[in-house]
Amino acid sequence: MSAPKISAPRGTFDVLGPEARQRAELERAATEILQGAGYERIETPCFEATELFARGVGESTDIVSKEMYTFKDGSDRSLTLRPEGTAPVCRAYVEHGMQKRPQPVKLWYLGSFFRYERAQKGRYRQFWQVGAEALGSDDPALDAESIVLLRELLLRMGAKDLRLRLASLGGAETRASYRELLQAHLRANEESLSEDVRARIELNPLRAFDSQHPGTLAAMKQAPLLLDHLDVQDRDHFAQVKSLLDAVNVPYQVDPTLVRGLDYYERTVFEFTSDALGAQSGVGGGGRYDGLVAQLGGPQTPGIGWAAGVERILLAGGQEPPQPRSLDVYICVADSDRGDGERSTPSGGAWAGLRSGVRERAFMLLGALRSVGLRVEMEQAGRSLKGQLTQADRRGARYAAIFDGEGSALRDLRGGGQRELDHDALLQELQTLLSADA
Ligand code: HAM
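In numbering that gives the first Met the number 0, the protein residues as written are 0 to 437.
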């Protein structure tokens, strides 16, 4: 009886060849765009002290209250698989004294994140984000630049039907007094609200803007809007962000109901959606978090950034995965005494019948060709010569170098024809031919 199979956990997935190539392309694009704007790559651990997210992201958020993978380690410390990257980057900024560097400090990341969410297309329990954070300046040009960079990455990856929603939440004080206004409005309309929204009037009244419940939607039409309650500085900051976006023709829609699911935001918030995505339309978003570093025990430091889901970017792009690069050379090793079509085992059998040193010479050629930058594979599955040539063809090889008991030869797999050449001549000839091809 065979052992039972084990599947990947719900909401997770394996990344296979074609998807891996798409992801590599996204990584190349992100590196180019973000490095070009002065962002340095940062890697933080996959797990952090639970306290970091409880304090940073906020106890009242769905992420912290329902979606974290939290566990105790062997020393009874509470740890959490990172559900997002901003709090860890701010932790690293403080921990490494980055406030002493010239500001702003610009950092970007690409890695996997974990949320216990209802899994569906575009929503996973382990997913990848590419993100960028700029700390140490509240210049509105940093807000605009941040948005422009995310847009550039999305466009480069072919994301379709993009829309940018933009708002300002004002500073901490504005938010606090607006919160009271909103709570008063929600209490006055309590009977028409959904149970969920009613239960969160005290804890998280802003989430009422996210509800699709008809009664709540109707009540929210009359709700006071934060954008109408910004103080002069915040209004001016927001006006500057908009004017910079206008200057570079980035279209946006000011949406006073834009609520982001994390507590650290102040002033500018934004989100890119793609109609190509269906229900999970948020492809990437972010905003300013001028109080977060201080909240995590660091000096008062403004910050702005974004993150976008790698899987959602690829879904929104809808592009075919790039083809794997074809091989330059496939090295065949065959026992000339064997009849074609016969299979051998690489560890013995027909290999053992090869004149001594043949495999070694083939293996030396493999190393020599790779060391001059060629893409080369060698037969490693004990196929017959015919099977090896079929395999060379499947791998798109330009040439086959054939070693057998008699000697070695070079076969042109595109033009046809075969010539006997010894090991050294093979190396030289392949280099000459392939550099002429290039
Ligand atoms: P977020 O909106 O929670 O923001 O996530 C950013 C992006 O990650 C989303 O727009 C979505 O594309 C992707 N994403 C989130 N959850 C999932 C999931 N379960 N499955 C697949 N993709 C998902 C943040 O995480 C903030 N840290 C962004 C930020 C950076 N704000 C300032 N700096």
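Built from N, CA and C at the ideal position, the CB exists for glycine as well. Just so you know, these numbers come straight off a predicted model, no measurement behind them.
- The C-beta distance from L109 to V88 rounds to 13 Å, too long to meet the 8 Å contact threshold.
- With respect to V56, D262 sits close: the two C-beta atoms are nearer than 8 Å.
- S145 carries a helical assignment under DSSP once its states are collapsed to helix, strand and coil.
- The continuous beta strand (DSSP E) containing S407 extends over residues 406-411.
- Approximately 14 Å separates the beta-carbon atoms of L276 and R164; this is outside 8 Å, ruling out the contact.
- Closest option to N248, judged by alpha-carbon separation, among R40, F52, I146, E83: I146.
- Between the stretch 37-51 and the stretch 233-243 there are fewer than three inter-stretch CB-CB distances shorter than 8 Å, so the stretches are not counted as touching.
- A Cβ-Cβ distance of about 5 Å is found for the pair P298 and Q98, placing them in contact under the 8 Å criterion.
- A direct Cα-Cα distance of roughly 13 Å separates L148 from F269.
- By a beta-carbon distance limit of 8 Å, V104 contacts L134. Their separation comes to about 5 Å.
- G395 has its CB no nearer than 7 Å to any heavy atom of the ligand HAM.
- Within the DSSP secondary-structure output, T272 pairs in a beta bridge with R162, G281.
- For the pair K65 and E179, the Cα-to-Cα distance works out to about 25 Å.
- In terms of CA proximity to P250, T272 leads the group D230, T272, E265.
- Between R418 and A23, the alpha-carbon positions lie close to 39 Å from each other.
- Looking at the DSSP output, S6 shares a beta bridge with no other residue.
- Of the residues L368, A166, G414, A7, the one whose Cα lies closest to the Cα of G284 is A166.
- Annotation: the continuous alpha helix (DSSP H) that includes F237 extends over 231-246.
- For Y288, the Cβ falls inside the 7 Å cut-off from some heavy atom of the ligand HAM.
- Rounded to whole angstroms, the separation of the alpha carbons of D75 and D289 is 33 Å.
- L313 and A306 have their C-alpha atoms some 14 Å from each other.
- Bounds of the beta strand (DSSP E) holding R418 are 417-419.
- For V282, the CB falls within less than 7 Å of some heavy atom of the ligand HAM.
- Burial is judged here by how many other beta carbons sit within 10 angstroms of a residue's own beta carbon; T431 has fewer than 16 and is exposed.
- Around the beta carbon of E144, a 10 Å sphere encloses 16 or more other beta carbons of the protein chains shown; the residue is thus reported as buried.
- If you draw a straight line from the Cα of S370 to the Cα of L429, it is about 13 Å long.
- According to DSSP, residue pairing for E376 in a beta bridge involves Y329.
- Assigned with DSSP and collapsed to three states, L168 falls in coil, not helix or strand.
- DSSP places A391 within a helical segment (H, G or I) once states are collapsed to three.
- In the DSSP assignment, L80 forms a beta bridge with F46.
- Linking S193 to H212 through their CA atoms gives a straight-line distance of about 6 Å.
- Apart from sequence neighbours up to five positions away, the residues of its chain that approach S136 with a beta-carbon distance below 8 Å are Q102, P103, P301, ordered along the chain.
- Short note on G297: C-beta not closer than 7 Å to any heavy atom of the ligand HAM.
- A direct Cα-Cα distance of roughly 33 Å separates M156 from R234.
- Here T11 is near R124, since their CB atoms are less than 8 Å apart.
- Note that the C-beta distance between S325 and R394 is below 8 Å.
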